[in-house]
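J.:
Residue numbers (my numbering): 16 to 348.
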């Protein structure tokens with residue numbers, strides 16, 4: 016009977032590939048950016064397999080989704096340049112947190128004088144800064160006299176328009192109740208759009224390179240990273256397709272509260288960057304707190320124009336950020 020009805024037994028290969036054909040192509044593409052050390056390359060492979068397993072469990076992505084390629088790329092970046100990547104992650108975290116506080120801080124700034132008066136009344140000694148020159152004082156008096164003259168001339172116009180302004184204010188006050196919710200949603204949409212537009216290569220080149228040297232132990236921190244030029248080359252890789260790394264790719268997951276629909280429009284790589292240690296980012300956050308970033312774009316652009324006119328050559332570099340220690344900044348001001 017066995018000879019007449021032989022059983023078909025499936026023979027599985029002894030060795031099975033751990034990656035797909037597409038993943039092999041990605042590894043080949045990024046291999047030139049790796050150090051070439053066998054231990055590092057094996058570690059990258061093992062970390063990618065673990066992260067891919069977590070992605071498959073949580074996201075259930077289509078095999079053609081560019082998220083997998085971005086995942087491999089960011090794992091290589093974190094493994095070989097942890098210090099530089101920690102700055103990019105910290106900036107992504109800061110901009111999302113600060114965007115929530117921005118409106119609240121602006122409201123407080125508008126009533127800062129009232130807040131200071133209340134604190135002064137409660138016992139906090141706030142000394143007014145003196146030292147205004149006579150020239151400034153005379154200038155202020157002159158401006159006050161001109162203002163009073165203008166106010167007298169326009170007094171009739173102001174009275175005539177007061178009733179109209181009152182009516183407009185009443186109309187606006189009726190719509191103010193629904194306005195805050197819509198304003199918050201529009202603000203979060205704007206934050207999302209800008210984070211989706213900004214590439215990590217742009218942020219590194221224009222911002223992070225200026226912040227790298229804020230460390231207490233800069234030689235030790237930089238020694239953990241590989242070649243900085245190769246880092247920039249890898250960041251700029253895939254700039255023309257869907258696998259270019261954007262700021263939204265390393266954003267905090269499920270961060271948008273006022274407009275929750277935005278949370279489904281992006282997939283954060285952050286939870287799957289298993290080789291990026293939290294203590295490295297926390298250390299970078301402390302460095303960030305001690306920095307004041309100056310954006311004197313007009314001044315820097317004017318300096319670039321002067322340089323180009325002096326040399327007779329066109330300067331192609333735009334304005335760059337100026338970094339100052341917070342202690343020095345607040346002591347001056």
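Just so you know, even glycine gets a beta-carbon here, dropped at the ideal spot from N, CA and C. Just so you know, these numbers come straight off a predicted model, no measurement behind them.
1. Look up residue 339 in the DSSP assignment and give the residues it is bridged to.
2. According to the Cβ coordinates, are residue 97 and residue 240 closer than 8 Å?
3. By the three-class DSSP mapping on this structure, what secondary structure does residue 229 have?
4. Assuming contact is defined by CB atoms lying nearer than 8 Å, are residue 277 and residue 203 in contact in what I supplied?
5. In its own chain, which residues sit with a C-beta less than 7 Å from the C-beta of residue 307, not counting the 5 before and 5 after it?
6. Who are the near neighbours of residue 281 in its chain, counting only those whose CB is closer than 8 Å to its CB and skipping five residues on each side?
7. For residue 346, name the three-state secondary structure that DSSP assigns.
8. Applying the 10 Å Cβ sphere with the 16-neighbour rule, what's the burial state of residue 85?
9. How about residue 302 and residue 225: are their beta carbons less than 8 Å apart?
10. Under 7 Å from any heavy atom of the ligand GDP, does the C-beta of residue 129 make it?
11. Is there contact between the segment 105–114 and the segment 287–303, where contact requires at least three CB pairs shorter than 8 Å?
12. Select from 74, 200, 69, 76 the residue whose C-alpha is nearest the C-alpha of residue 274.
13. Using a Cβ-Cβ cut-off of 8 Å (strictly less than) and excluding sequence neighbours within five positions of residue 270, which residues of its own chain qualify?
14. Report the three-state DSSP secondary structure of residue 114 (helix, strand or coil).
T.: Per the coordinate set shown:
1. In the chain shown, counting from the first residue as 1, residue 339 sits at position 324. Note: residue 339 sits in a beta bridge opposite 307.
2. As a position in the chain shown, residue 97 is number 82, starting the count at 1. As a position in the chain shown, residue 240 is number 225, starting the count at 1. The Cβ atoms of residue 97 and residue 240 lie closer than 8 Å to each other.
3. Against the chain shown, residue 229 aligns to sequence position 214. Here residue 229 sits in helix by DSSP.
4. Taking the chain shown and counting its residues from 1, the one referred to as residue 277 is at position 262. Taking the chain shown and counting its residues from 1, the one referred to as residue 203 is at position 188. In contact: residue 277 and residue 203 (Cβ atoms closer than 8 Å).
5. On the chain shown, residue 307 is found 292 positions in, with the first residue counted as 1. Exclusion of the five residues before and after residue 307 leaves 339, 341, 344 as the residues of its chain whose Cβ lies within less than 7 Å of its Cβ.
6. Reading the chain shown from its first residue, position 266 is the one you call residue 281. The residues are 207, 211, 263, 264, 266.
7. Numbered from 1 along the chain shown, position 331 holds the residue referred to as residue 346. It is helical.
8. Numbered from its first residue, the chain shown carries residue 85 at position 70. Looking at its Cβ environment, which holds 16 or more other Cβ atoms inside 10 Å, residue 85 is buried.
9. Working through the chain shown from its first residue, we reach residue 302 at position 287. Working through the chain shown from its first residue, we reach residue 225 at position 210. It is not a contact, given that the beta carbons lie outside the stated cut-off.
10. The ligand GDP is not part of this structure, which contains no ligands at all.
11. Yes: the two stretches touch, three or more of their Cβ pairs being nearer than 8 Å.
12. Your numbering for residue 274 matches position 259 in the chain shown. Answer by Cα proximity: 200.
13. Along the chain shown, read from residue 1 onward, the residue named residue 270 stands at position 255. These residues qualify, in order along the chain: 111, 278.
14. Here residue 114 corresponds to residue number 99 of the chain shown, with the count starting at 1. Here residue 114 sits in helix by DSSP.
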